[in-house]
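Report on the structure given below.
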Amino acid sequence: MPDTLWIQDNATHYVEIAPNSKLDVAVDLISRLQTGERLVSAEHTVTSGSVTVHNQYVYVNQDLYGTQSHQAVGWLEPLSAGIHQIKLTATTNANRKFCYSYQIRSE
Numbered sequence: 012m013p014d015t016l017w018i019q020d021n022a023t024h025y026v027e028i029a030p031n032s033k034l035d036v037a038v039d040l041i042s043r044l045q046t047g048e049r050l051v052s053a054e055h056t057v058t059s060g061s062v063t064v065h066n067q068y069v070y071v072n073q074d075l076y077g078t079q080s081h082q083a084v085g086w087l088e089p090l091s092a093g094i095h096q097i098k099l100t101a102t103t104n105a106n107r108k109f110c111y112s113y114q115i116r117s118e
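Just so we're aligned, residue 12 is where the sequence shown starts under this note's numbering, counting upward by one.
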């Protein structure tokens with residue numbers, strides 16, 4: 012899986028994706044998981060803007076973390092130029108939920 016190039020400004024994290032291009036966007040939650048805990052679902056919701064979510068899933072880097080799924084991934088495609096708001100909700104096998112908001116910026 013390629014690394015997502017996150018950019019930080021004064022208010023938020025964001026990813027730059029050209030309109031009508033697809034990119035897998037990964038949020039790594041390994042530092043928030045407890046021993047034995049793993050992600051079981053990831054839902055990327057468009058809260059404003061125009062983005063198609065083609066696929067969403069959890070992922071594990073087995074070389075580093077064995078079978079502990081820790082990345083919430085969405086295969087996203089902005090449909091127009093502008094700033095698009097995304098909300099990620101990830102659920103663990105311990106029934107904990109993590110919410111994370113970020114932007115996709117398209118030019």
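For each residue, glycine too, the CB sits at the ideal point set by N, CA and C.
Cβ separation of residue i and residue j, assumed to be a contact under 8 Å, to the nearest whole Å
{"i": "Ala81", "j": "Leu16", "result": "In the sequence under discussion, the amino acid at residue 81 is His, which differs from the Ala named in the question. 19 Å between Cβ atoms; not a contact."}
Closest by C-alpha distance to residue i, when choosing among the options
{"i": "Glu118", "options": "Thr102, Ala53, Ser42, Pro89", "result": "Pro89"}
{"i": "Ser91", "options": "Ile18, Ser32, Gly47", "result": "Ser32"}
{"i": "Gly47", "options": "Tyr113, Asn106, Val62, Ala53", "result": "Asn106"}
{"i": "Ser112", "options": "Arg49, Thr103, Val57", "result": "Val57"}
{"i": "Tyr70", "options": "Lys108, Ile97, Asp35, Thr63", "result": "Asp35"}
{"i": "Val51", "options": "Asn104, Gln114, Asp20, Cys110", "result": "Asn104"}
{"i": "Leu44", "options": "Ile18, Pro30, Ala101, Val26", "result": "Ala101"}
The beta strand (DSSP E) enclosing residue i, as first and last residue numbers
{"i": "Gln45", "result": "First-last for Gln45: undefined, no H or E at that position."}
{"i": "Leu40", "result": "From DSSP, Leu40 is part of no beta strand (DSSP E); its letter is neither H nor E."}
{"i": "Arg116", "result": "108–117"}
{"i": "Ala101", "result": "93–103"}
Same chain, Cβ closer than 7 Å to residue i, five either side skipped, listed in chain order
{"i": "Asn72", "result": "none"}
_Residue ranges of each beta strand (DSSP E) within the segment 51–89, 3 or longer_ = 62–70, 82–89
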